[in-house]
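The structure appears right after this line, and notes come after that.
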Amino acid sequence: MTRNDLSIAVHTDLFCGHRLPTVKDVDNIIANVFWQIGHALTKGEKISIKGFGSFSVDERPARNVVIFHPAKALKDGVNS
């Protein structure tokens, strides 16, 4: 799943009309973004968000672990 895939999924779920978003709409967008990321991870997909980083699932013997790899831009911003 890429940033574009995530944008399309959120837009399809929340903005079928032609109006400006309210605060509640924005809250729903944020919740939907996290749901889309979680759903993709449960299906074993890797999520890459340019400039932010990537999420993936690492299968371990006892349990699966979500791994986050920050993008260079994010690392540089945090370390500056």
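Numbering of the sequence shown is given in our numbering, commencing with residue 14 and proceeding in unit increments. Glycine residues also receive a C-beta, built at the ideal position from the N, C-alpha and C atoms. Bear in mind that the values here come from a model prediction, so they are computed numbers and not experimental data.
Is residue i buried or exposed, if buried means 16 or more other CB atoms sit within 10 Å of its CB?
| i | result |
| --- | --- |
| F47 | exposed |
| I60 | buried |
Can you find the residues in the same chain that come closer than 6 Å, C-beta to C-beta, to residue i, ignoring five residues on each side of it along the sequence?
| i | result |
| --- | --- |
| A84 | G64, F65, G66 |
| A53 | M14, I60 |
| N77 | V70 |
By Cβ distance below 7 Å, which residues in the same chain neighbour residue i in space, the five residues on each side in sequence not counted?
| i | result |
| --- | --- |
| D38 | L27 |
Under 9 Å between the Cβ atoms of residue i and residue j?
| i | j | result |
| --- | --- | --- |
| F68 | I50 | yes |
| V70 | V79 | yes |
| M14 | E72 | no |
| N45 | A22 | yes |
In chain order, each alpha helix (DSSP H) run of at least 4 residues that lies wholly inside the region 26–86: 36–55
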